[in-house]
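Engineer:
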Amino acid sequence: MSTTTAAASWATASLSSQSAALNDGRISARELVDLYLERIDRLNPQLNAVVTVDAEGARRAADHADAARRSGQARGPLAGIPFTVKDAIATAGLRTTAGAEELRENVPAEDAPAIRRLRDGGAILVGKSNLPRWSGNIQTSNDVFGTTNNPWDPSKTPGGSSGGAAAAVASGLSSFDIGSDLGGSIRIPSHFCGIVGHRPSYGLVPQRGYIDHIGGGTTDTDLNVLGPMARSVADVRLILQSLAGPDPNDAPAWRVQLPEPRHRDPRAWRVAVWLDDGPDAIPDDHVRRLCEQAVDALAAAGPTVVRERPAVDMDMSRTVCADLIAAAILPSRDSASQDRSADSHLRWLRNRERVTELRAAWGAWFSRFDVLICPVMGVPAFAHDSSGSIGELSLRVGDRDIPHRTLAHTWNAPSGVVGLPSTVVPVGLTPNGLPVGVQVVGPFLEDLSALAVAELLESATGGYAAPPLAADC
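Taking the UniProt record's numbering, the leading residue of the sequence shown gets 1, the next gets one more, and so forth.
#1: Identify, in the order they occur along the chain, each residue of the same chain with its Cβ nearer than 6 Å to the Cβ of H404, setting aside the five sequence neighbours on each side.
#2: Grab the span of the beta strand (DSSP E) containing P279 for me, first residue to last.
#3: Is it the case that the Cβ atoms of F192 and P151 are separated by a distance below 8 Å?
#4: In the DSSP output, what is F444 paired with across the bridge?
#5: Any heavy atom of the ligand SAM inside 7 Å of the beta-carbon of K86?
#6: Mark G72 as exposed unless 16 or more other C-beta atoms lie within 10 angstroms of its C-beta, in which case mark it buried.
#7: I want to know whether the region 171-178 touches the region 456-470 - three or more CB-CB distances under 8 Å.
#8: Establish whether the CB of K128 and some CB of chain B are separated by less than 8 Å.
#9: Give the DSSP-derived three-state secondary structure of R255 in the structure shown.
#10: Suppose the cutoff is 8 Å on Cβ atoms and the five residues either side in sequence are ignored; what does the same chain contact list for A408 look like?
#11: On the premise that A460 lies in contact with V440, defined as a C-beta separation below 8 Å, what is that separation, rounded to the nearest angstrom?
#12: Determine whether the beta carbon atoms of G442 and P421 lie at a separation below 8 Å.
#13: Is it buried or exposed, A350, if we count other Cβ atoms within 10 angstroms and call 16 or more buried?
#14: Write down every uninterrupted run of the beta strand (DSSP E) in the region 152-239 whose length is 3 residues or greater and which is fully enclosed by it, in chain order.
#15: Identify the residues that DSSP records as bridge partners of V107: which are they?
#16: Quick test of your reading: G110 and R95, contact by CB under 8 Å. State the CB separation rounded to the nearest angstrom.
#17: Could you check the C-alpha separation between T3 and T304 for me, to the nearest Å?
#18: Quick check: the region 210-222 against the region 82-89, are there 3 or more CB pairs under 8 Å?
#19: For R346, count neighbouring C-beta atoms within 10 Å of its own C-beta (all shown protein chains included) and say buried if the count is 16 or more, exposed if not.
#20: Tell me whether the region 247-256 and the region 349-366 touch, counting them as touching only if at least three CB pairs, one residue from each stretch, are closer than 8 Å.
As structure tokens, then:
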């Protein structure tokens with residue numbers, strides 16, 4: 001099979017389809033790798049999504065995967081599947097900068113445990129995807145590699161901080177990517193670029209090797225998770241199964257066994273829907289319309305759908321989340337005169353007590369509902385704006401100027417602060433041709449329930465579609 005023929009069939013295919021084709025010989029791992037390397041050469045200059053490429057290493061791994069498959073030693077559903085990784089996650093022998101000039105030439109000696117698990121399963125690392133400096137923005141730009149563009153409209157941001165990851169997956173530059181999410185960094189880019197992204201339950205996937213400051217990657221960060229970004233819910237589930245597990249230091253005694261989905265029959269699901277919450281949390285007309293259509297389509301597929309907001313103190317949720325994020329990012333602050341208000345152990349302990357209180361409230365609420373559906377952000381992808389930081393910029397939504405940080409926290413903080421799993425599913429395009437996603441939030445450690453309802457929603461709305469830039473697929 002020629003690379004050109006393979007491109008027409010496989011560049012934006014699901015991981016599951018690629019795996020089946022590898023198993024029955026319709027395509028080889030080497031052909032897949034060459035396909036993605038060719039597309040990176042051809043399409044990436046318009047996107048700047050992939051910033052470091054390991055062509056030689058990827059081809060070598062692909063040849064090994066093909067030989068293993070011929071000898072009957074293929075290792076699982078990810079064997080021979082090419083992927084990219086957010087450039088804040090350590091990759092052995094491959095530059096990892098976190099978007100920071102200080103780490104421009106940083107080459108880790110070891111993989112992050114999550115990346116090691118993927119490689120051990122036969123997945124093939126092709127390169128690293130772009131991000132903002134220290135993963136600290138809802139846009140993707142830095143002084144090392146520049147700005148990443150949205151594949152649906154290059155004048156728009158792909159979101160952040162896993163913006164390069166979302167742009168690469170959406171445009172068919174890799175089969176999947178691994179991003180990170182502190183306050184929405186998987187969910188926002190997935191929404192802006194029209195892909196599926198999953199924020200796992202906190203602690204389900206080891207986050208060691210995640211670099212957000214010089215010397216970082218050795219401890220866990222409050223609220224932060226590493227998670228999969230792909231083109232279908234089934235793909236995300238497969239990747240999560242490879243990623244999930246205890247930190248290697250805990251592995252001698254700990255195991256992970258996720259609960260099965262609460263229901264198998266679509267009619268058994270009880271779904272809560274929450275689409276607005278005060279003046280800063282009213283989606284624009286286009287986002288609201290697509291969210292409503294998605295909810296109607298889901299209801300028609302069988303689940304019971306109830307309009308009810310979570311019985312949780314949302315103001316406290318957002319305040320505590322903002323405080324914990326401020327504390328988590330202190331090591332990456334550039335100024336010696338930085339605000340130290342978040343740098344208090346007592347304040348941190350008080351916030352952890354509030355998190356426990358909030359988690360109990362969510363647990364009680366989930367005794368009545370199986371999942372929650374809510375927006376990711378109240379707007380689709382917006383125009384690049386490099387005139388300030390996330391704390392300085394605002395966006396006009398309706399008749400209000402809403403700060404970027406508020407846009408990010410409004411819908412992502414309430415579930416993120418208590419570590420709940422959330423799956424983002426694309427549900428359609430605005431009249432301007434920009435994707436919109438919704439998030440399906442599940443109970444703590446019930447990731448498979450969130451994914452199950454997300455799959456129903458994906459089936460009802462059509463799921464991923466290739467952007468114009470990837471139209472040759």
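Cβ atoms here follow ideal geometry from the backbone N, Cα and C, with glycine treated the same way.
Structural biologist: The relevant details are as follows:
#1: The residues are I138, I390, L393.
#2: Segment: none, P279 is in no beta strand (DSSP E) and carries neither H nor E.
#3: If you check the CB distance, F192 and P151 do not come in under 8 Å.
#4: None; F444 has no bridge partner.
#5: As far as ligands go, the structure on display features none, and thus does not contain the ligand SAM.
#6: By the 10 Å Cβ count, G72 comes out exposed.
#7: Put simply, the region 171-178 touches the region 456-470. At least three CB pairs are less than 8 Å apart.
#8: Going by chain labels, chain B is absent from the structure shown, which holds only one protein chain.
#9: Residue state, collapsed to three classes: coil.
#10: Exclusion of the five residues before and after A408 leaves I138, G183, G184, I188, M377, I390 as the residues of its chain whose Cβ lies within less than 8 Å of its Cβ.
#11: The Cβ separation is near 12 Å, so there is no contact.
#12: Closer than 8 Å, so yes.
#13: It is Arg, not Ala, that sits at residue 350 in the sequence shown. By the 10 Å Cβ count, R350 comes out exposed.
#14: Listed in chain order, the complete beta strand (DSSP E) runs (minimum 3 residues) inside the region 152-239 are 176-181, 196-199, 225-230.
#15: None; V107 has no bridge partner.
#16: It should be pointed out that residue 110 corresponds to Glu in this sequence rather than to Gly. Their Cβ separation, rounded to whole angstroms, is 14 Å, which puts E110 and R95 out of contact at 8 Å.
#17: Unreliable positioning characterises T3 in this predicted model, as indicated by a pLDDT of 44, which lies under 50. A coordinate reading is not provided.
#18: With the cut-off at 8 Å, the region 210-222 and the region 82-89 touch.
#19: For the sequence presented, residue 346 should be read as Leu rather than Arg. Exposed, because fewer than 16 other Cβ atoms sit within 10 Å of the Cβ of L346.
#20: Look at the beta carbons and you see the region 247-256 not touching the region 349-366: under three pairs across the two are nearer than 8 Å.
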